[in-house]
Amino acid sequence: MQSEAQPDASARHAEPEARDVVVVGGGASGLMAARAAARRGLSVTLLERTPQVGGNLRTRRDGDWQIELGPNTLMMKPPLHALLDELGLLDEAQPANPTARRRYIAYRGAPVALPSHWLKAPINSLIGPRGVGALLCEPFQRRAPQAEESLADFVTRRLGRRALDHLVDPFVSGVYAGDPERLSAQAAMPRLVALEREYGSLVRGGLVRLRQARRAAPVLPREWRGQLVSFPSGLQRLAERLAEDITAQSSAAIHCECEVSAVYREGEYWRVETASGPGVRARELVLAVPAPTAAALLAPLDPDVAAPLEAIVYPPVNAVSVGFRRADIAHPLDGFGMLIPGVEHRRTLGALFSSTLFPGRAPSGHVLLTAFLGGRRQPEAAASDDDAQVAQVVADLRDLLGISGKPVWQSVSRWPQAIPQYELGHLERIAALETALEDHPGLSLIGNWRDGIAVGDCLENGRRLGERIAETLGRV
Numbered sequence: 001m002q003s004e005a006q007p008d009a010s011a012r013h014a015e016p017e018a019r020d021v022v023v024v025g026g027g028a029s030g031l032m033a034a035r036a037a038a039r040r041g042l043s044v045t046l047l048e049r050t051p052q053v054g055g056n057l058r059t060r061r062d063g064d065w066q067i068e069l070g071p072n073t074l075m076m077k078p079p080l081h082a083l084l085d086e087l088g089l090l091d092e093a094q095p096a097n098p099t100a101r102r103r104y105i106a107y108r109g110a111p112v113a114l115p116s117h118w119l120k121a122p123i124n125s126l127i128g129p130r131g132v133g134a135l136l137c138e139p140f141q142r143r144a145p146q147a148e149e150s151l152a153d154f155v156t157r158r159l160g161r162r163a164l165d166h167l168v169d170p171f172v173s174g175v176y177a178g179d180p181e182r183l184s185a186q187a188a189m190p191r192l193v194a195l196e197r198e199y200g201s202l203v204r205g206g207l208v209r210l211r212q213a214r215r216a217a218p219v220l221p222r223e224w225r226g227q228l229v230s231f232p233s234g235l236q237r238l239a240e241r242l243a244e245d246i247t248a249q250s251s252a253a254i255h256c257e258c259e260v261s262a263v264y265r266e267g268e269y270w271r272v273e274t275a276s277g278p279g280v281r282a283r284e285l286v287l288a289v290p291a292p293t294a295a296a297l298l299a300p301l302d303p304d305v306a307a308p309l310e311a312i313v314y315p316p317v318n319a320v321s322v323g324f325r326r327a328d329i330a331h332p333l334d335g336f337g338m339l340i341p342g343v344e345h346r347r348t349l350g351a352l353f354s355s356t357l358f359p360g361r362a363p364s365g366h367v368l369l370t371a372f373l374g375g376r377r378q379p380e381a382a383a384s385d386d387d388a389q390v391a392q393v394v395a396d397l398r399d400l401l402g403i404s405g406k407p408v409w410q411s412v413s414r415w416p417q418a419i420p421q422y423e424l425g426h427l428e429r430i431a432a433l434e435t436a437l438e439d440h441p442g443l444s445l446i447g448n449w450r451d452g453i454a455v456g457d458c459l460e461n462g463r464r465l466g467e468r469i470a471e472t473l474g475r476v
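Each residue of the sequence shown is one higher than the one before, counting from 1 in the UniProt record's numbering.
Below you can see the structure in the form of structure tokens.
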């Protein structure tokens, strides 16, 4: 039920200027929503709590070391290619080292590369004859039940326990830092579930989609197809360029270090109160913030809107960056990185070979690794101090990568609420949220807690929302 709760009169400031749109949150979703609306002539104000926009897109430089505090790469897809072209960033975009196509998974105490061709699968220890047999039998497995299914149950039913333990489990750790027993297959991997529903088989559906892709006209220039990208100065460059493009519009403004204290409806406008000024009034309000933040702001307005948001879990994850002399690591580091399945019984979820991915991440004669601790199954692993975090990572990776020396440089980036978990019931929670929002016209919620956690998903979802708002307000 809708509440009439509003802040006390003593908390109100002078009447602010009315805007078409106010966006709360300057991450990828909020930046793109603001940009799309501003480019269609709407007056837009974006409010960001921290000193700079970007959300999880943060890069840190320390002498010759450069790390990403959040995501490390972007996958080049048509929407991202179009965006970088519009922003004039294509010439700056930096494709990942071709060796990044190789992916390692820890298996029985050693790093094993995934096979580069399906013909090599039978002799690959991660897959082997048993794994190939499971793939051959997959088209004959029973179809999905009507009820929602955990990702673990889905994969085990289609491909067997071995595929779950040694392939899907580490992938889930790398993407969600999650637990496949809790994640919803339908919410976390909708494309995989769609293959079964449409074709009755993952293998059959994958082959059909592959043939369709080969027959379709190319949508990307050849040099960008399937590329992972960054920028010489890191992914924060994209956020900075988006902000520049927004403020280049005469009707748009961005205010950082501006924390929102309350939101409520005031006639035909949404009123946004801040701790440091008169706030903003707007016909459309976009909350592009983490689910717990949105829940806290909306609970006084309507508990039915806040409840589904409060149920979304965010485990802590720390990014532990360690630099070594190249001579102190025996492994060639010739790949994207290495994931560590839960059955290996180590704390570290995996490690990126950061200095292999892109140049300029480590001094000459040195290498940079970025490892991850915490996540849904081991949140306590993120609780210790920085030195203990580094010691844990080095202990977990020492035999896997042949580490013989101590780190010469280190940095720990802590995310107490890191990655939203699309767990069982997630789609029902989003549906309940959408139903509750029908009582609040002009209020939109967006973020990586819905419709995809990847940066590319957030950028595209933000663009679409900004364009829908422009259409709603009569601007095309």
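Where is the CB? At the ideal position from N, CA and C, for every residue including glycine.
These numbers come from a predicted model, not from an experiment.
### Message
Among the candidates N448, G109, Q421, S384, whose CA atom is the shortest distance from the CA of N56?
### Response
Taking the first residue of the sequence shown as position 1, residue 56 is located at position 56. Nearest C-alpha to N56: N448.
### Task
Figure out for me which residue from A248, I246, L298 has the closest Cα to the Cα of residue 479.
With the chain covering 1 to 476 only, the question about residue 479 has no answer from this structure.
### Query
Can you tell which of E17, G365, V21, L69 has the C-alpha that lies nearest to the C-alpha of G466?
Against the sequence shown, residue 466 aligns to sequence position 466. Among E17, G365, V21, L69, the Cα nearest to that of G466 is on V21.
### Sequence-distant residues of its chain with Cβ nearer than 6 Å to A185 (five each side left out)
Locating residue 185 in the sequence shown gives position 185, counting from the first residue. Apart from sequence neighbours up to five positions away, the residues of its chain that approach A185 with a beta-carbon distance below 6 Å are E149, L151, F154, V193, ordered along the chain.
### Query
When burial is assigned at 16 or more other CB atoms within 10 Å of the CB, is I123 buried or exposed?
In the sequence shown, residue 123 corresponds to position 123, counting from 1. Exposed is the call here.
### Query
Looking only at its own chain, which residues have a Cβ that is under 7 Å from the Cβ of W224, when we skip the five neighbours before and after it?
Within the sequence shown, residue 224 is the residue found at index 224, counting from 1. Around W224: M76, H81.
### Query
Would a C-beta distance cut-off of 7 Å place Q146 and R158 closer than the cut-off?
Position 146 of the sequence shown, counted from the first residue, corresponds to residue 146. Position 158 of the sequence shown, counted from the first residue, corresponds to residue 158. Result no, Cβ atoms of Q146 and R158 do not sit closer than 7 Å.
#### Entry: Where the beta strand (DSSP E) through T45 begins and ends
As a position in the sequence shown, residue 45 is number 45, starting the count at 1. Secondary structure note for T45: its beta strand (DSSP E) is the uninterrupted segment 44-47.
### Query
Bridge partners of residue 479, per DSSP?
Nothing in the structure corresponds to residue 479, since the chain is present only between 1 and 476.
#### Entry: Exposure of L401, with buried meaning 16 or more beta-carbon neighbours within 10 Å
By one-based count along the sequence shown, residue 401 stands at place 401. It counts as buried.
### Query
Around the Cβ of N461, are there at least 16 other Cβ atoms within 10 angstroms (buried) or fewer (exposed)?
To locate residue 461, count along the sequence shown from 1; it is residue 461. By the neighbour-count rule (16 or more Cβ atoms within 10 Å), N461 is buried.
### Task
Would you identify the three-state DSSP class for Q227, choosing helix, strand or coil?
In the sequence shown, the residue the question calls residue 227 occupies position 227. Looking at Q227 - three-state DSSP - the assignment turns out to be coil, as it is neither helix nor strand.
#### Entry: Own chain partners of R377 with C-beta closer than 6 Å, once the 5 adjacent residues on each side are dropped
The residue given as residue 377 occupies position 377 in the sequence shown. Correct list, in chain order: D179.
### Query
Between S3 and the rest of its own chain, which residues show a CB-CB distance below 8 Å, the 5 nearest in sequence each way excluded?
Against the sequence shown, residue 3 aligns to sequence position 3. Summary for S3: the model assigns pLDDT 39, below 50, so the residue's position carries little reliability; its value from the coordinates is reported in the next sentence. Result list for S3: P300, L301, D302, P303, in chain order.
### Query
According to the Cβ coordinates, are L443 and L285 closer than 7 Å?
Here the question's residue 443 lines up with position 443 in the sequence shown. Here the question's residue 285 lines up with position 285 in the sequence shown. It is a contact, given that the beta carbons lie within the stated cut-off.
### Message
Taking its Cβ as the centre, do 16 or more other Cβ atoms sit within 10 Å of Q227, making it buried, or is it exposed?
### Response
What you label residue 227 is simply residue 227 of the sequence shown in a count that begins at 1. Burial of Q227 is indicated by the presence of at least 16 other C-beta atoms within 10 angstroms of its C-beta.
### Query
Quick one, which of P71, P139, P290 has its alpha-carbon nearest V203's?
In the sequence shown, the residue the question calls residue 203 occupies position 203. Nearest C-alpha to V203: P139.
### Query
Residue range of the beta strand (DSSP E) that residue 478 falls in?
Beyond the ends of the chain as shown, which are 1 and 476, falls residue 478; an answer cannot be given.
### Task
Take every Cβ of the stretch 314-327, pair it with every Cβ of the stretch 403-410, and state whether three or more of those distances are shorter than 8 Å.
yes
### Contact check, P420 vs P170, beta carbons under 7 Å
Your numbering for residue 420 matches position 420 in the sequence shown. Your numbering for residue 170 matches position 170 in the sequence shown. Result no, Cβ atoms of P420 and P170 do not sit closer than 7 Å.
#### Entry: Under 7 Å between C-beta atoms of A282 and R19
Within the sequence shown, the letter at position 282 stands for residue 282. Within the sequence shown, the letter at position 19 stands for residue 19. Cβ distance < 7 Å, so A282 and R19 count as in contact.
### Query
Applying the criterion that 16 or more other CB atoms from any shown protein chain within 10 Å of the CB defines a buried residue, is G54 buried or exposed?
Taking the first residue of the sequence shown as 1, we reach residue 54 at position 54. Classification of G54: buried, given that the 10 Å Cβ count is 16 or more.
### Query
Can you tell which of L424, L136, P111 has its C-alpha closest to the C-alpha of L333?
Position 333 of the sequence shown, counted from the first residue, corresponds to residue 333. It is P111 whose Cα lies nearest to the Cα of L333.
### Query
Is it right to say A470 is buried, meaning 16 or more other beta carbons lie within 10 angstroms of its own, or is it exposed?
Translated into the one-based positions of the sequence shown, residue 470 becomes position 470. It is buried - the Cβ of A470 has at least 16 other Cβ atoms within 10 Å.
### Query
Would DSSP call H426 helix, strand or coil?
Numbered from 1 along the sequence shown, position 426 holds the residue referred to as residue 426. Note: H426 maps to helix in three-state DSSP.
### Task
To the nearest angstrom, report how far apart R347 and A381 are at their CA atoms.
Taking the first residue of the sequence shown as 1, we reach residue 347 at position 347. Taking the first residue of the sequence shown as 1, we reach residue 381 at position 381. If you take the alpha carbons of R347 and A381, they lie about 7 Å apart.
### Task
Please classify H366: does DSSP put it in a helix, a strand, or coil?
Counting from 1 along the sequence shown, the entry for residue 366 is found at position 366. Three-state result, H366: strand.
### Query
Among P416, R463, L74, which residue has its Cα nearest to the Cα of Q236?
Here residue 236 is taken as the residue at index 236 of the sequence shown, counted from 1. Comparing Cα positions, the closest option is L74.
### Query
Does the distance from the C-beta atom of V263 to that of A177 stay below 7 Å?
Looking up residue 263 in the sequence shown gives position 263. Looking up residue 177 in the sequence shown gives position 177. Result no, Cβ atoms of V263 and A177 do not sit closer than 7 Å.
### Task
Taking the CB atoms as reference points, tell me whether L437 and A294 lie closer together than 7 Å.
On the sequence shown, position 437 is the one that residue 437 refers to. On the sequence shown, position 294 is the one that residue 294 refers to. The answer is no: Cβ separation not under 7 Å.
### Query
When we look at the beta-carbon of A291 and count the other beta-carbons within 10 Å, is it buried (16 or more) or exposed?
If you number the sequence shown from 1, residue 291 lands on position 291. Its Cβ being crowded by 16 or more others within 10 Å, A291 is buried.
### Query
By Cβ distance, which residues of its chain are closer than 7 Å to E15, with the 5 residues on each side in sequence left out?
Translated into the one-based positions of the sequence shown, residue 15 becomes position 15. The same chain holds no residue with a CB closer than 7 Å to that of E15 once the five nearest residues on each side in sequence are set aside.
### Task
Spatial neighbours of D8 within its chain, please: CB distance less than 8 Å, with the 5 preceding and 5 following residues excluded, ordered by chain position.
Here residue 8 refers to the residue found at position 8 when the sequence shown is read from its first residue. For D8, the predicted structure reports a pLDDT of 48, less than 50, and the residue's modelled location is therefore unreliable. A value from the coordinates is still provided. None.
### Task
Can you have a look at Q212 and say buried or exposed, based on whether 16 or more other CB atoms are within 10 angstroms of its CB?
In the sequence shown, counting from the first residue as 1, residue 212 sits at position 212. Exposed, since its Cβ has fewer than 16 Cβ neighbours within 10 Å.
### Query
By the 10 Å Cβ neighbour count, where 16 or more other Cβ atoms means buried, how is C258 classified, buried or exposed?
Here residue 258 is taken as the residue at index 258 of the sequence shown, counted from 1. So C258 ends up on the buried side.
### Task
Note down the Cα distance separating R12 from I254, rounded to an integer number of angstroms.
On the sequence shown, position 12 is the one that residue 12 refers to. On the sequence shown, position 254 is the one that residue 254 refers to. Caution applies to R12, whose pLDDT of 47 falls short of 50 and renders its modelled position unreliable; the value that the coordinates give is listed next. Using only the alpha carbons, I get a separation of about 21 Å.
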